[in-house]
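Here the structure is laid out as structure tokens; the discussion comes afterwards.
Residue numbers (the working numbering): 39 to 193.
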């Protein structure tokens, strides 16, 4: 669960569909939490290029923009950012979710890094309620000797 990203008092459900959307752009769907489950999504986010695997990974990431509403991140490990399969993680604001533009992105730093292969929030990683988030770059183009790597970021 990404947390209560629509700010209605209930944790919401996020579903990644990396081969979904028109033209295999990939997509992430947000469904409202509540006392009963609803089948209609309240927000849909589409990847920025064909076969980028947008939605392969998705997670809440805490309140990145300090508005007291949880935000979320989505991985696109096969997105070509200046190089083949560099990968990208896009960070989106919770709240009314009127904009489908990310607040910011984190890109892989080498060819075939596959940044965004998996993403996760790490609760209280730094103690005193300070969360962090982890981004995995699983491709053979990242890390020591091409074994991949995990980057830990502090808010």
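Idealized CB from N, CA, C, for every residue including glycine. It should be emphasised that the depicted structure is a prediction, and the values quoted were computed from it without experimental measurement.
Residues that DSSP places opposite residue 51 in a beta bridge: Locating residue 51 in the chain shown gives position 13, where the first residue counts as 1. DSSP lists 69 as partners of residue 51.
For residue 133, three-class secondary structure by DSSP: In the chain shown, the residue the question calls residue 133 occupies position 95. Taken through DSSP and simplified to helix, strand or coil, residue 133 comes out as coil.
Element boundaries [beta strand (DSSP E), containing residue 144]: As a working note, residue 144 is residue 106 in the chain shown. From DSSP, the beta strand (DSSP E) with residue 144 extends over 142 to 145.
Cα-Cα separation between residue 143 and residue 79, rounded to whole angstroms: Within the chain shown, residue 143 is the residue found at index 105, counting from 1. Within the chain shown, residue 79 is the residue found at index 41, counting from 1. Cα to Cα, the separation comes out at about 24 Å.
Residue 66 versus residue 59 - alpha carbon distance: For the purposes of this step, residue 66 is taken as residue 28 along the chain shown, with counting starting at 1. For the purposes of this step, residue 59 is taken as residue 21 along the chain shown, with counting starting at 1. Roughly 9 Å between the two C-alpha positions.
Beta-carbon contacts of residue 169 that lie in its chain and below 7 Å, excluding the five residues immediately before and after: Translated into the one-based positions of the chain shown, residue 169 becomes position 131. Answer for residue 169: 100, 159, 160, 161, 162, 163 and 193, listed in chain order.
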